[in-house]
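Enquirer: Under the numbering used here, the sequence shown has 1012 at position 194, and the numbering climbs by one with no breaks. Built from N, CA and C at the ideal position, the CB exists for glycine as well. My questions all concern the structure below.
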Amino acid sequence: MGWVIAMAGKGGTGKTTVAALLVRIIKENNLGSILAVDADPNSNLGELLGLEAKESIGCILDDIASNPQIVPVNMGKDAFIEYRVQRSIIEADGFDLLTMGRPEGPGCYCYVNNSLRNVMDRLINDYDFVVIDNEAGLEHLSRRTTRRVDTLLVISDASIIGLKAAKRIVELTKELKIKTKKELLVVNRSNPNIEPDKIKGLNLDYLGRLPIDSEVESLSKLGASLVNLNKDSAMLSTLRKLGEKIWLCN
Ligand SMILES: Nc1ncnc2c1ncn2[C@@H]1O[C@H](COP(=O)(O)OP(=O)(O)OP(=O)(O)O)[C@@H](O)[C@H]1O
Ligand SMILES: [Mg+2]
C-alpha cells in the first residue's frame, strides 16, 4: 500500500515547490515507485517537474458527465473512468504524473466523483509513494482524490496569521473526515529558527523549517522548472534531511 503525502497550506506558502522537491528526493533515493498528483485546478506541479500537461481528470469527467453515451455498454462507468484515468497518466523518468485539472462545470458530478474516488483509491495502491499537491482549500482531497492521507504536510510561513491558518487546515481535515497518520508542520522561507511559543497549541507536530532559497526564487522568476535546481540548493538540502520523518511510520 502506497504512502500518501498530501500538501496543505494557505496560498503561496510553497506547497507545489515542496511537492516537486519531495518527488525528486524520493526518486534520487530509489525508494520506490512514485505517483505525483497535481490536485490544484491551476495546475503547475507538472511544470515544476518539467512536464507538459496531458489530458486532465477534469476533462475526462466533463466528457463523461455531459456525454454519458460514450461509456461502452459492455464496460460500465467505473471501468471506463479507470481506463481513461490510466491513459491520462504521464510516465516520466522515475515517476508518474496525474493532473486533476480544472473544477467541474455546472451539473451533477456526484456519481462520477464517487467513481473517481474508487478509481483513485485503487490507483494509489499501485505505487509506493503518492505525493499530492493541493490547492489552498482541500476540496480535492474530500471529494475527488482520496480521503486516505498518511502524511499531511502543512506548509506555512512563520507569521502568526500563517500559523493560525495552518491550525485551521488541520481542523478542516477532521471536518472533511480525511484520515491521516501524521500531521506535520513545515515552516517555509524562514531563515531564523522559529520561536517554540509560536507553534505551541497548533495540534501539529513541528517537522522543521525550510530556508529562503535564492536559486528557487530565480528559477521561479524565469518560469523555469525545478529540474535543474542545483542538488545542493538550500531548500533541497534541508528537505532531504527532513525527508525520512515525512514517510516513516513513527
Ligand atoms: N524556500 C523558498 N525560498 C524561495 N522561494 C520559495 C521558497 N518556497 C517557495 N518559494 C517560491 O514562492 C512562490 C510560491 O511557491 P509555490 O507555488 O510552491 O506555493 P503554493 O503554496 O503552491 O502556492 P499556491 O497556493 O498558489 O498553489 C514560488 O515563486 C516559489 O518559487
Ligand atoms: Mg501550488
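Is residue 938 buried or exposed, if buried means 16 or more other CB atoms sit within 10 Å of its CB?
Expert: Label assigned to residue 938: buried.
Enquirer: What does the alpha-carbon distance come out to for the pair residue 890 and residue 900?
Expert: Using only the alpha carbons, I get a separation of about 13 Å.
Enquirer: Should residue 1038 be listed as close to ligand 1, given that the test is whether its C-beta is under 6 Å from any heavy atom?
Expert: Because some heavy atom of ligand 1 lies under 6 Å away, the Cβ of residue 1038 counts as near it: yes.
Enquirer: Hey, would you say the C-beta of residue 1030 is under 6 Å away from at least one heavy atom of ligand 1?
Expert: Answer for residue 1030: yes, Cβ within range of ligand 1.
Enquirer: Check whether the Cβ of residue 833 sits closer than 6 Å to any heavy atom of ligand 2, and report yes or no.
Expert: Yes.
Enquirer: Confirm the yes/no value for this check: CB of residue 1035, any heavy atom of ligand 1, distance under 6 Å.
Expert: Yes; taking the cut-off as 6 Å, the Cβ of residue 1035 has a heavy atom of ligand 1 nearer than that.
Enquirer: If we call anything under 7 Å between Cβ atoms a contact, is residue 967 one with residue 822?
Expert: Contact: yes.
Enquirer: Let me check you understand the geometry: is the CB of residue 856 closer than 6 Å to at least one non-hydrogen atom of ligand 2?
Expert: Incorrect: residue 856 has no Cβ contact closer than 6 Å to ligand 2.
Enquirer: Look at residue 1009 and residue 1030 and say whether their C-beta atoms are less than 7 Å apart.
Expert: Closer than 7 Å, so yes.
Enquirer: Along the chain, which unbroken stretches of the beta strand (DSSP E) at least 3 residues long are found entirely within the stretch 982-1032?
Expert: Listed in chain order, they are 997-1005, 1023-1027.
Enquirer: Check the C-beta distance from residue 1003 over to residue 1025 and give it rounded, since I have them as a contact under 8 Å.
Expert: Indeed, because the Cβ distance is near 6 Å, the residues count as touching under 8 Å.
Enquirer: From residue 879 to residue 930, what does the alpha carbon distance come to, in whole angstroms?
Expert: Residue 879 and residue 930: Cα-Cα distance of roughly 7 Å.
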